[in-house]
Each structure stands twice: as structure tokens, then as C-alpha cells.
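Visitor: Heads up: the sequence shown begins at 1 in the numbering used here, then just goes up one per residue.
Idealized CB from N, CA, C, for every residue including glycine.
Please read through the structure below; I'll follow up with questions.
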Amino acid sequence: MAVGIFDSGLGGLTVLSAVQKRLPEVDFVYLADSAHAPYGVRTPDDIYNLTTAAVQRLFDAGCDLVILACNTASAAALRRMQESWVPSDKRVLGVFVPMIEALTERQWGDNSPPREVSVNHVALFATPATVSSRAFQRELAFRAIGVDVEAQACGGVVDAIEDGDMILAEALVQSHVDALKRKMPDPQAAILGCTHYPLMQEAFQKALGTQVKVFSQADLVAESLADYLKRHPEMHGKGQAACLTTGDPNRVSNRATQFMRRALTFTAA
Ligand code: DGL
């Protein structure tokens, strides 16, 4: 049995790399819905419909567990999917909770009441759909009190990354960080709330300054999957990975290889 990893495009590869490194014996199937990326400018209904279609494709490929390595899908569609769509013999997990647990210094599954934590001023960088869902603030409020979150919708960054235009992506990161700092001059921590953004982590850190602790999701998600699989050892396989795309496999393979600095070959989903 393989674990499915889903993103609208290339961003989830940051999560795929981290989980492969942490769990070398697990088989993965990655699906990039490149034909419909970016999701971050779409309506919640649209994101729900695209995400359920993609996850169904991963179920059909033999995945009983799928990770939405996409904050936009996790924010706009996951709860609705879990409430009324996911079959009882399958699991779909998001990428928000591991990051919020790290920020609030909690262990996996610690459901104790919200409490004060060491960071009070947090900058959230995410897609427009993730920001307007307020899912991050909702999950945070279950675990922490007294945390001031300023969210910046980073329009254009995902498109620039998917197009391979890193000069534009860097310029956009700088201008989004400037806009955030006008609202919150001294954040203590910054959350990269889109799985594409670790590809621009240096640009975020440079624009924010070294005093700001930047949280990015890949390693946190890998740790939490490792924890989950300890309780589900039947999911261990041979360490193989397949990459599928709804877009042009050649184009997506080239971009993916360029970003991840290792050969990645996508086939048609
Ligand atoms: N990588 C995604 C995320 O984490 C999707 C971005 C998009 O498609 O707009 O939100």
C-alpha cells in the first residue's frame, strides 16, 4: 500500500522529499493537479471539487491514506471531505495541524485546553484562499491564547514558481513581506503556509531578517506521518515513488527536476 501525497502543483514535492527521507521504506504516489493550478485564487466549492477528484485518483492508485500537501485544499476542503466524503476505510490528512503543534509546542494529539505560548506575534504567509478561510486562526485558537496573527495573502507567488520565474517570485516575496511588516512591524515567527513557499525560504528569511523564526512544513509533516505510521506498520513498502500529473508530463518533470535538484519523472494521471 502506498501513501498518496497531493498538491495542486509542485509545492507538495517539498513534503514528498521530506517524507521520503524520513520514511525510506514507505511507497508514495504523488499527484500534481497541474492542469488546475493554482488553487489559491479559486472558490471553496471549486477547490473542494478539484481536491475530491484528485484524492479519488489516489485512492484508485491504491492509496488508503492521502496527505493533502496543500494548505489551500487543507483549509478550504478537508473538513467538508472528512465530514461527508471520505470512505470509512480511507484516511485523508492535512498539513496545518503539525505546523500549529510545533508553533504551540505541543505533542501530537495533545488536546488539552488552549494555553499561553512563547510567541505572541505571528506572520502567516499563504494563498488568498487559505487566508480568507481563516482555518489557521481557527486551529490555532484550539491550542493557544494571546497569539496575534497577521495574515498576508501572497498573490502571484505560486504562479511565478509554477512558471519557473524565480526572479518574479523573489520580487513578489519581498513585496508581500513589506506589506506584512506595515501591518505587523516586528513578527517573532513567520509561518510559510503554502507548500510552494519553502522553495523561496531564503527569500522569505532575507526579507524578514534573521531574528524571525521561519516555520516551514515539510519536516514537521514528515515527523507527524512517521508517528502515524508507527501505529500503522502495515503501510510499510519498498521505498518506491510514482509521480502523476494532470498537466503536461514533460513540462512538469522538467520544472520538478529543476526545483528539487534531482531527476523526477511524471506520467499522465
Ligand atoms: N501548494 C499549495 C498550498 O500549500 C497550493 C497553492 C495554489 O495552488 O495556489 O496552498
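Would you list the one or two residues that DSSP bridges to glycine 4?
Guide: Within the sequence shown, numbered from 1, the residue matching residue 4 stands at position 4. Bridge partners of glycine 4: Val29 and Val66.
Visitor: Where does threonine 267 sit, in a helix, a strand or coil, going by DSSP?
Guide: Counting from 1 along the sequence shown, the entry for residue 267 is found at position 267. Looking at threonine 267 - three-state DSSP - the assignment turns out to be strand.
Visitor: On the premise that alanine 242 lies in contact with valine 214, defined as a C-beta separation below 8 Å, what is that separation, rounded to the nearest angstrom?
Guide: By one-based count along the sequence shown, residue 214 stands at place 214. By one-based count along the sequence shown, residue 242 stands at place 242. Not confirmed; about 31 Å, so no contact.
Visitor: When we look at the beta-carbon of glutamine 217 and count the other beta-carbons within 10 Å, is it buried (16 or more) or exposed?
Guide: Position 217 of the sequence shown holds residue 217. Label assigned to glutamine 217: buried.
Visitor: Would you kindly check if the distance between the Cβ of alanine 126 and the Cβ of asparagine 49 is under 8 Å?
Guide: Mapped onto the sequence shown, residue 49 falls at position 49. Mapped onto the sequence shown, residue 126 falls at position 126. No, Cβ-Cβ distance for asparagine 49 and alanine 126 is not below 8 Å.
Visitor: Mind pulling the alpha helix (DSSP H) runs of 4 or more residues that sit fully within the stretch 195 to 243?
Guide: As far as the stretch 195 to 243 is concerned, its whole alpha helix (DSSP H) runs of at least 4 residues are 201 to 208 and 218 to 230.
Visitor: Under DSSP, the alpha helix (DSSP H) around valine 252 begins and ends at which residues?
Guide: On the sequence shown, position 252 is the one that residue 252 refers to. Its alpha helix (DSSP H) spans residues 249 to 260.
Visitor: Look up glutamine 107 in the DSSP assignment and say whether it is helix, strand or coil.
Guide: Along the sequence shown, read from residue 1 onward, the residue named residue 107 stands at position 107. In the structure shown, glutamine 107 sits in coil (DSSP, three-state: anything other than H, G, I, E or B).
Visitor: Quick check: the Cα distance between aspartate 45 and valine 3, rounded to an integer number of angstroms?
Guide: Counted from its first residue, the sequence shown places residue 45 at position 45. Counted from its first residue, the sequence shown places residue 3 at position 3. Answer to the nearest angstrom: the Cα atoms are 25 Å apart.
Visitor: Just list the beta strand (DSSP E) runs in the stretch 112 to 149, keeping only unbroken ones of 3 residues or longer that don't cross its boundaries, in chain order.
Guide: Listed in chain order, the complete beta strand (DSSP E) runs (minimum 3 residues) inside the stretch 112 to 149 are 121 to 126.
Visitor: State the start and end residues of the unbroken alpha helix (DSSP H) segment that holds valine 177.
Guide: Sequence index remark: in the sequence shown, residue 177 carries index 177 (1-based). Taken as a continuous stretch (DSSP letters only), the alpha helix (DSSP H) holding valine 177 covers 166 to 183.
Visitor: Going by beta carbon distance, what residues of the same chain come within less than 7 Å of phenylalanine 142, once the five residues before and after it are set aside?
Guide: Position 142 of the sequence shown, counting from 1, holds the residue named residue 142. Contacts found: Pro114.
Visitor: Give the single residue among Asp110, Asp148, Gly11 and Ala160 whose Cα lies nearest to the Cα of aspartate 186.
Guide: Locating residue 186 in the sequence shown gives position 186, where the first residue counts as 1. Answer by Cα proximity: Asp148.
Visitor: Looking at the structure shown, is alanine 37 part of a helix, part of a strand, or coil, going by DSSP?
Guide: For the purposes of this step, residue 37 is taken as residue 37 along the sequence shown, with counting starting at 1. Correct three-state label for alanine 37: coil.
Visitor: Could you tell me if the beta carbon of alanine 196 falls within a distance shorter than 7 Å of some heavy atom in ligand 1?
Guide: As a first step, residue 196 is located in the sequence shown; it is residue number 196 there, counting from the start. Contrary to the premise, residue 196 reads as histidine rather than alanine in this sequence. The answer is yes for histidine 196.
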